[in-house]
Amino acid sequence: MKLEKLIKKGESKILELKEKFPSPVNLAKTVIAFSNTAGGKIVIGVNDNRDIVEINENEVFELQEKVSSIIYDMCYPNILPEIYTVNIYGKILFVIEIFRGSLLPYYLKSKGKLKGTYIRVGPTNRLANESIILELERQRIGETFDEEENLEVDIKDIDIIPIKNEFKKSGKEIDTGQLKNLKLIKNINGKDVPTNALLILTGYFDNTSIKCARFKGTTKDIFLDKKEFEKDLFYNLKNTILFLKNHLNLNAKIKDLKRIEEYEIPIPVLREILLNAIIHRDYTRNSDIKVAVYDDIVEIVSPGGLPNGLTIEEVFSGRSELRNKVVARVFKELGYVETWGSGIKKIAEICKEKGIQFELKDEGNFVSAVFYRQKSDKKTAEFGDESAENYQDSAEKMPKKCRKNAEKILAFLKKHNTISVKNTEQLFNVKERRAREILAELVKAGMLKKIGKTKGSYYILNREK
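Taking my numbering, I'd label the letters of the sequence shown as residues 62 to 526.
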């Protein structure tokens with residue numbers, strides 16, 4: 062992008078604007094932050110209103126020497142900038158261009174690595190913590206956190222059945238040798254040990270869960286529904302999709318005399334963005350992926366900023382950087398991923414075609430994907446007028462006692478979308494055993510569908526009937 066356009070957009074992850082020459086320390090911090098992140102330009106001669114005020118052309122050579130001296134004296138390892146001038150509208154700007162370095166991490170000599178390493182977060186420089194410094198060191202040697210062996214966990218304590226089942230579904234068998242080829246297991250001193258990737262995929266780590274919530278209105282003040290999926294990544298993905306289906310509008314149209322139903326935000330789009338969140342999130346952070354449905358938006362938040370200095374513009378252009386190489390390879394082997402770098406482009410294209418506003422934001426500590434919902438008078442997917450009538454008709458054909466239970470639960474589901482055993486106990490004023498019997502009867506009748514098998518399971522209307 063031309064410098065003039067960058068200036069009009071304002072300061073960012075890759076641009077710093079200054080009216081006058083900054084202090085040596087501030088200049089060094091910005092140079093270091095750019096070197097550790099995505100590179101960038103420091104442009105001198107632009108005021109806070111993004112107006113070009115230019116610099117004194119006679120000072121250019123002196124400024125070049127000053128910049129070179131500051132960077133050499135204050136930054137480590139050595140950073141080699143490109144220093145030049147640009148003429149815009151007859152006015153001279155002084156530009157210091159920094160490229161992402163290969164000797165990560167860079168830091169202030171006077172402060173040392175732990176207290177002098179900076180990264181770029183949006184338009185600001187931020188002091189890096191130990192976790193970020195470790196990540197920068199991994200990037201320098203080309204390794205990722207998920208590749209590292211974990212000597213604290215005995216491989217016998219890990220349930221790898223979910224991984225075997227996923228490979229079986231895709232028509233493949235997997236044994237210990239193949240787990241080693243995929244770098245899910247390493248042999249250290251004659252002993253098989255798991256890598257972090259195996260612990261991530263199987264949900265062994267506490268931070269691999271996905272937390273889902275449906276809020277009333279446009280704020281987080283009131284919960285309508287919330288679920289936490291805390292098993293293996295494949296289970297979490299599948300059930301998060303079901304949660305979203307349960308809380309989105311299902312639109313219908315007639316095409317070629319056929320009724321075609323489609324969710325207000327296409328499920329392939331949501332699946333793709335969730336896959337991105339699962340595969341590319343930062344698993345060194347003690348935080349979960351969060352999915353929130355509001356009246357106006359759907360937001361998916363993934364811990365960790367974009368990896369390896371990647372920018373939002375580069376993501377939309379199709380560039381891909383793998384933060385978790387082993388996890389990514391497993392999902393690719395299983396057919397969840399087609400081509401690296403195609404996902405976000407595909408999402409943007411579908412959203413544009415469907416008239417859905419889509420935003421992707423890098424907030425430094427997390428990446429958020431936001432889909433703006435179109436205003437609609439329709440009820441959520443399970444409760445379009447036609448669906449409600451169909452379920453009411455089905456209820457009337459049941460035995461009298463079962464029919465009354467069905468009608469009561471139907472009324473509850475119209476308001477809350479899901480129902481649990483605890484809800485049923487309170488609704489009918491019965492004990493847990495009877496509540497489970499009532500729900501089981503309606504599952505057998507085809508009216509309800511159970512989601513989950515253990516703690517945290519719940520029921521929704523069975524739309525497959």
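Note that the Cβ used here is the ideal one computed from N, Cα and C, for glycine as well.
{"Item": "Give me the Cα-Cα distance between Asn-523 and Tyr-433, rounded to the nearest whole angstrom.", "Value": "27 Å"}
{"Item": "Are the beta-carbon atoms belonging to Ala-89 and Cys-136 less than 8 Å from one another?", "Value": "yes"}
{"Item": "Please give the ranges of any beta strand (DSSP E) in the region 281-345, keeping only runs that are unbroken, at least 3 residues long and fully inside the region.", "Value": "284-290, 311-316 and 319-324"}
{"Item": "Whose CA, out of Ala-338, Tyr-296, Tyr-355 and Asn-466, lies closest to the CA of Ser-348?", "Value": "Ala-338"}
{"Item": "Can you tell me where the beta strand (DSSP E) holding Leu-76 begins and where it ends?", "Value": "76-79"}
{"Item": "What is the DSSP secondary structure of Pro-364, counted as helix, strand or coil?", "Value": "strand"}
{"Item": "If we ignore side chains and look at the alpha-carbon of each, how far apart do Asn-257 and Leu-285 end up?", "Value": "35 Å"}
{"Item": "Ignore the nearest five residues each way along the sequence and tell me which others in Val-104's own chain have a CB closer than 6 Å to its CB.", "Value": "Leu-78, Leu-154 and Val-156"}
{"Item": "Please determine if the region 290-304 and the region 263-276 are in contact, where contact requires at least 3 C-beta pairs separated by less than 8 Å.", "Value": "yes"}
{"Item": "So Lys-91 packs on Lys-74, CB below 8 Å; how close in whole Å?", "Value": "Rather than Lys, the amino acid found at residue 91 in this sequence is Thr. Wrong, their Cβ atoms sit about 12 Å apart, outside the cutoff."}
{"Item": "Between the Cα of Lys-81 and those of Glu-65, Lys-407, Gly-100 and Gly-106, spot the shortest distance and give me the residue it belongs to.", "Value": "Gly-106"}
{"Item": "Please work out which residues of its chain come closer than 6 Å, Cβ to Cβ, to Val-354, disregarding the five sequence neighbours upstream and downstream, and give them in chain order.", "Value": "Arg-275 and His-308"}
{"Item": "So, is Asp-343 buried or exposed, given that buried needs 16 or more other C-beta atoms within 10 angstroms?", "Value": "buried"}
{"Item": "Please name the residue, chosen from Glu-118, Leu-240 and Leu-305, that lies closest to Thr-146 on a Cα-to-Cα basis.", "Value": "Glu-118"}
{"Item": "Determine the direct distance from the alpha carbon of Gly-404 to that of Lys-422, and round the result to whole angstroms.", "Value": "16 Å"}
{"Item": "Leaving out the 5 sequence neighbours to the left and right, which residues in its chain are closer than 7 Å to Glu-493 when beta-carbon positions are compared?", "Value": "Val-482 and Glu-486"}
{"Item": "Identify the continuous beta strand (DSSP E) that holds Lys-225 and give its terminal residues.", "Value": "Run containing Lys-225: none in the beta strand (DSSP E); it sits in the alpha helix (DSSP H), 222-230."}
{"Item": "Take every Cβ of the region 197-215, pair it with every Cβ of the region 377-389, and state whether three or more of those distances are shorter than 8 Å.", "Value": "yes"}
{"Item": "Going straight from the alpha carbon of Val-182 to that of Leu-165, what length do you get?", "Value": "17 Å"}
{"Item": "Classify Leu-212: buried if its beta carbon has 16 or more other beta carbons within 10 angstroms, exposed otherwise.", "Value": "exposed"}
{"Item": "Please state whether DSSP places Ile-405 in a helix, a strand or coil.", "Value": "helix"}
{"Item": "So, helix, strand or coil for Glu-450, using DSSP?", "Value": "Only weak support exists for where Glu-450 lies, its pLDDT of 48 falling under 50; the value from the coordinates is given anyway. Three-state DSSP puts Glu-450 in a helix."}
{"Item": "In whole angstroms, what is the alpha-carbon distance linking Ile-521 and Leu-240?", "Value": "37 Å"}
{"Item": "On the premise that Pro-327 lies in contact with Ile-411, defined as a C-beta separation below 8 Å, what is that separation, rounded to the nearest angstrom?", "Value": "6 Å"}
{"Item": "Going by beta-carbon coordinates alone, are Ile-512 and Ala-430 separated by less than 8 Å?", "Value": "no"}
{"Item": "Quick one: Cα of Glu-158 to Cα of Ser-171, how far?", "Value": "23 Å"}
{"Item": "Given this structure, state the Cα-to-Cα distance separating Asp-253 from Ile-340, to the nearest angstrom.", "Value": "25 Å"}
{"Item": "Quick one: what's Pro-255 bridged to in DSSP?", "Value": "Ile-246"}
{"Item": "If you measure between the beta carbons of Tyr-167 and Ile-140, is that distance less than 8 Å?", "Value": "yes"}
{"Item": "Between which residues of its own chain and Gln-200 is the CB-CB distance below 7 Å, once the five residues before and five after are set aside?", "Value": "Leu-165 and Asn-369"}
{"Item": "What's the call for Tyr-519, buried or exposed, on a 16-neighbour Cβ count within 10 Å?", "Value": "buried"}
{"Item": "Taking the straight line between their C-alpha atoms, what separation do you get for Ile-302 and Ser-270?", "Value": "14 Å"}
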